[in-house]
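In this text, residue positions in the sequence shown follow the working numbering: the first is 1, and each later residue adds one. Just so you know, even glycine gets a beta-carbon here, dropped at the ideal spot from N, CA and C. Quantities reported herein were computed from a predicted structural model and do not represent experimental measurements. Single-structure report; data block below.
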Amino acid sequence: MLARCARDRDDLFAELYALRPQFAEQRPSKFLKAAIRTVCGFRVAPRVLFPGQLALCDFQSKIVYYNSNLESFVNQKTSLAGLVNSSLAHELGHIRLHTDEMESRHTESYHFPDGRVTHVDNRDFQREQEADLYAAVFLVPGRFLVQEKSAQQIYKWHKERKWVKSPQLWKLVYGLARDFEVTPSLMRRCLMEVGWIACDPMPNGGYRLRIRYPEPDFDGEW
Ligand SMILES: [Zn+2]
C-alpha cells in the first residue's frame, strides 16, 4: 500500500506540475487544495460540520468539506492549518484510492482529532488507515523530508542505534510538523513508515517515541 500511495502521489504531482510548474519546488501543503480541484475535479469548501468531525467528502456532488468550526473543539495549541491540511489530504486519499467503493455511499465515516472513527465494517477501518497513509505520503514526500535538519538528525540516530528520550524526539516531530504544516501525529506516522522511529502507546492515550534500529530487510522507500 505504501508503494501504491507513493506511485499515485508521483502521478498526481506530475499532472499538476505540468499545469502549474510553479508548484514543483513547493511543499505539498501549499498546493493541496489546487491538487484536489485541478487534478481530481472536486471543490474544496469550508462548512460547519458536527463537533469533532474534521472533514467530509461528498462523492456525489464532488465537494470536499472541511470543518470551519475546528477551534470550538480542538486544543488551543493545535495548529488549525496543520489539522485542515492533514484532514483534506486524508480525503484526497479516499478520492485517489477509494472512489469506486465510495461513489455508492453518500458520505463517509466521521473522523475525530484523536484518530477515532466510527466504522460500519472492517473494510471501513481499512479505508481509514489507507487514507491516513496516503495523507502522510502526499504531504511529506521523502525528497523534502531528507532536506530537513531535524529529519537528518533522527536518521543519524537511527543509523547509529542511539538511545534518545521520547520528549526530545517529540520536539523534533513537532518542529517538522510545523514546517510541513501537518499535524504532529501525521509527522509521527511518516517517521514510523520510513522506519526511523517506533512508538509505544501509553496508558494516558499518548505515545512514547523511541529510535528504531535499522533492519537489514527494510527498504524504507518513501
Ligand atoms: Zn476517512
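Three or more Cβ pairs closer than 8 angstroms define a contact, and the region 188 to 195 meets that threshold against the region 125 to 139. Pairing A131 with H94 gives a Cβ-Cβ distance under 8 angstroms. A distance below 8 angstroms separates the beta carbons of L176 and A151. For the region 19 to 107, the full-length alpha helix (DSSP H) segments reaching 4 residues or more read 28 to 34, 80 to 102 along the chain.
A check of alpha carbon separations from V64 across L49, T78, S72 identifies L49 as the nearest. With a cut-off of 7 angstroms, the C-beta of A89 is classified as distant from ligand 1, since no heavy atom of the ligand falls inside that distance. For F42, the CB contacts under 6 angstroms within the same chain, skipping 5 residues up- and downstream, are I36, K62, V64 in chain order.
Residue state for R178 is assigned as helix, using DSSP reduced to three classes.
Classified as exposed, Q26 has fewer than 16 neighbouring CB atoms from the shown chains inside 10 Å of its CB. About 5 angstroms separates the beta carbons of Y174 and P184, which is inside the 8 angstroms limit, making them a contact pair. In this structure, A14 has its beta carbon at no less than 7 angstroms from each heavy atom of ligand 1. Ligand 1 has a heavy atom closer than 7 angstroms to the beta-carbon of A131. The beta carbon of L172 sits closer than 7 angstroms to the beta carbons of S150, Q153, I154 from its chain, once the five residues preceding and following it are set aside; these are given in chain order.
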